[in-house]
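To start, the structure itself, in structure tokens.
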Amino acid sequence: MAYSNRTDEKKAFNLQFDRRSEQMPAQAREVKHHPSSVNNLLIQQLLERTRSTSLLKFLTSDLSGITAAVGKKLIDRLGSSFDADMGPDEMDDKQITRLVQMLRSTDNLFKSPDGGCLSPLGEYNLNLGIQKVVEPEIIATARDKPGAYDGHPFIVEAAVSLGGKDAKEGITVVRFANRIPLLFEGGADVATRVANSKIKWSSYKIDHKRDKIGVFVSIVSTKVPFKGTGKEYIGDDITEIQQSVKRALQGCCQQLRAHLAKRNALRDVKERKSRLLKYIPDVSKSLFGILEVMQKRKQEESDGVVRPASPRKRTAEWSPMKRIKTNEEDVSSILDRMSKGEISEQILKQSLQEAVEINADAVFGVDGNDNGDTRKGGTTSKKDDNDDKQPLCLVPIYDEPNCPGSNVIRHPLFDFYPINISP
6 MAYSNRTDEK
16 KAFNLQFDRR
26 SEQMPAQARE
36 VKHHPSSVNN
46 LLIQQLLERT
56 RSTSLLKFLT
66 SDLSGITAAV
76 GKKLIDRLGS
86 SFDADMGPDE
96 MDDKQITRLV
106 QMLRSTDNLF
116 KSPDGGCLSP
126 LGEYNLNLGI
136 QKVVEPEIIA
146 TARDKPGAYD
156 GHPFIVEAAV
166 SLGGKDAKEG
176 ITVVRFANRI
186 PLLFEGGADV
196 ATRVANSKIK
206 WSSYKIDHKR
216 DKIGVFVSIV
226 STKVPFKGTG
236 KEYIGDDITE
246 IQQSVKRALQ
256 GCCQQLRAHL
266 AKRNALRDVK
276 ERKSRLLKYI
286 PDVSKSLFGI
296 LEVMQKRKQE
306 ESDGVVRPAS
316 PRKRTAEWSP
326 MKRIKTNEED
336 VSSILDRMSK
346 GEISEQILKQ
356 SLQEAVEINA
366 DAVFGVDGND
376 NGDTRKGGTT
386 SKKDDNDDKQ
396 PLCLVPIYDE
406 PNCPGSNVIR
416 HPLFDFYPIN
426 ISP
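Under this note's numbering, the first residue of the sequence shown carries the number 6, and numbering increases by one thereafter.
Pasting the structure below:
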């Protein structure tokens, strides 16, 4: 599209809106009327156009979902004024009214309406359109199975996105009816009410007040139940449509939950790793200072200098907050390695950094890839995200408690033990 401004050439521009998808929605096909959706005028028109020679053939051939056995049952229920062999042109207005009342009140005898007469947009095209316009961080789409109300089939497609270039915090609902956008009176629409009151967003790890949530609902039907003369919104008084919208949105949220659970776990790992790395210089300096003091006392003991026992001496019972008696051979080995230069503050720092890396990869069980998968059919772990996360305490290798080996991260200089273990 080209726009030219005769008074100001700088305001002229060319606008090109490229096609996003080459896949067209499935073409709708013609189907017969469902018995539950007919009225007096429609039945009268069908009776005038039919080629059937009897009432039974008219019911089975001009209406959908009626077999020969069901047709005979209907004629028997209509009363003595009806006959299976009577001609369609023999029916008067009273008989037509009686037939319509019987057809609309016996839904349990008919098959469900055929959804082949509908042409929904499709999850693929819906996904591509949202990605082009909104540019969200993640998106999930779902389509509910075809349903029916009053004999009219309908299909609900939904999408839920998080983030976007112009997205606002909270829930933003975009509605479509027969692939046409609905722009006004959205507060009373079934999609808005279901998204705001029927979906428990916290169950899917989504904050509906702070996150930028985009909700897209497309409803296609042979008779869209608009409210009001403006046809700007679909009421929530039809239970079948309300439940279908809810199931479609829940399907989208379940796909997002798998991605968000993994993303949150990776974020927690990175935050823990960042905090541990932050204090490694101070910890390594303190550890090396302790070893220097131990080396100095060892040297004084070898020189015959005797120091009085400290009144704050800890008990032998092991605890993360208490020291235990150490093995003199292990202490001597550590101090000898320190004298040879095998242990220094820099080596301690490097060893702690390696231990933190092992802890991030092994304990938390992540691979460092934060690309989530929102494809349909994705599964989430039944185990809670925090089950494998245990706080760790730093204990020298010669202060080894009684702990299962599978819960310990081994290192040449130091081992990491979970805090919640017994002595």
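Heads up, the beta-carbon is just placed ideally off N, CA and C, and yes, glycines get one too. Here the structure is a predicted model, which means the values were calculated and not measured.
{"query": "Can you tell me the Cβ-Cβ gap for serine 154 and glutamate 245, rounded? I've got them flagged as a contact below 8 Å.", "result": "In the sequence under discussion, the amino acid at residue 154 is tyrosine, which differs from the serine named in the question. That belief holds up - the Cβ atoms of tyrosine 154 and glutamate 245 are roughly 5 Å apart, short of 8 Å."}
{"query": "Could you pull out every unbroken alpha helix (DSSP H) segment of at least 4 residues lying fully inside the region 30-110, listed in chain order?", "result": "45-54, 60-67, 73-83 and 98-110"}
{"query": "State buried or exposed for cysteine 398, treating a residue as buried only when at least 16 other CB atoms are found within 10 Å of its CB.", "result": "Annotation note: pLDDT 45 at cysteine 398 (below 50); position unreliable, no value reported."}
{"query": "Kindly indicate which residue of Gly70, Leu123 and Glu53 has the alpha-carbon position closest to the one of aspartate 97.", "result": "Glu53"}
{"query": "If distances are taken between C-alpha atoms only, which option among Lys62, Glu350, Lys210 and Ser349 comes closest to lysine 267?", "result": "Lys210"}
{"query": "Hey, could you find the ends of the alpha helix (DSSP H) arginine 272 is sitting in?", "result": "244-307"}
{"query": "For threonine 429, which residues of its own chain have a beta-carbon under 8 Å away from its beta-carbon, when the five flanking residues on both sides are left out?", "result": "The structure shown does not extend to residue 429, since the chain spans only 6 to 428, so no value can be given for it."}
{"query": "Which residues in the same chain as glutamine 300 place their Cβ atom closer than 8 Å to its Cβ, once the five residues preceding and following it in sequence are excluded?", "result": "Leu340, Met343 and Ser344"}
{"query": "Taking its Cβ as the centre, do 16 or more other Cβ atoms sit within 10 Å of proline 186, making it buried, or is it exposed?", "result": "exposed"}
{"query": "Spatial neighbours of proline 286 within its chain, please: CB distance less than 8 Å, with the 5 preceding and 5 following residues excluded, ordered by chain position.", "result": "Lys354"}
{"query": "Is the distance from the Cβ of glycine 152 to the Cβ of isoleucine 218 below 9 Å?", "result": "no"}
{"query": "Between glycine 70 and phenylalanine 18, what straight-line distance do the alpha-carbon atoms span, to the nearest angstrom?", "result": "56 Å"}
{"query": "Should leucine 46 be labelled buried (16 or more other beta-carbon atoms within 10 Å of its own) or exposed?", "result": "exposed"}
{"query": "Starting from leucine 167, follow its DSSP beta bridges and name the residues at the other end.", "result": "Ile143 and Ile218"}
{"query": "Please go through the same chain and pick out, in chain order, the residues whose beta-carbon is closer than 6 Å to the beta-carbon of serine 207, but skip the five residues on each side of it.", "result": "none"}
{"query": "Using only the alpha-carbon positions, how far apart do tyrosine 8 and leucine 271 sit?", "result": "49 Å"}
{"query": "Could you check which residue in Thr12, Val220 and Gln21 has the C-alpha nearest to that of methionine 6?", "result": "Gln21"}
{"query": "Return the CA-CA distance between valine 248 and asparagine 44, expressed in angstroms with no decimal places.", "result": "Sequence inspection shows glutamine at residue 248; the valine mentioned does not correspond to that position. Roughly 26 Å separates the two Cα atoms."}
{"query": "With burial defined as no fewer than 16 other Cβ atoms inside 10 Å of the residue's Cβ, what is the status of glutamine 50: buried or exposed?", "result": "exposed"}
{"query": "Report the partner residues of leucine 187 according to the DSSP bridge assignment.", "result": "Arg180"}
{"query": "Quick one: grab the DSSP three-state call for glutamate 162.", "result": "strand"}
{"query": "Exposed or buried, tyrosine 284, counting other C-beta atoms within 10 Å across all chains shown (16 or more means buried)?", "result": "exposed"}
{"query": "State the Cα-Cα distance for the pair serine 307 and serine 279, rounded to the nearest angstrom.", "result": "43 Å"}
{"query": "Does the distance from the C-beta atom of glycine 92 to that of leucine 61 stay below 9 Å?", "result": "no"}
{"query": "Can you tell me the Cα-Cα spacing of valine 371 and leucine 254, whole angstroms?", "result": "With a pLDDT of 46 at valine 371, under the threshold of 50, the modelled position of that residue is not reliable, and no figure is offered here."}
{"query": "Are the beta-carbon atoms belonging to leucine 123 and proline 40 less than 9 Å from one another?", "result": "no"}
{"query": "Taking contact to mean 3 or more Cβ pairs, one atom from each stretch, closer than 8 Å, check whether the region 162-181 and the region 130-146 are in contact.", "result": "yes"}
{"query": "Taking DSSP's pairing of strands, which residues face serine 223 in a bridge?", "result": "Glu162 and Phe181"}
{"query": "Taking the straight line between their C-alpha atoms, what separation do you get for serine 338 and lysine 303?", "result": "12 Å"}
{"query": "So, glycine 127 versus proline 30, is the Cβ gap smaller than 9 Å?", "result": "yes"}
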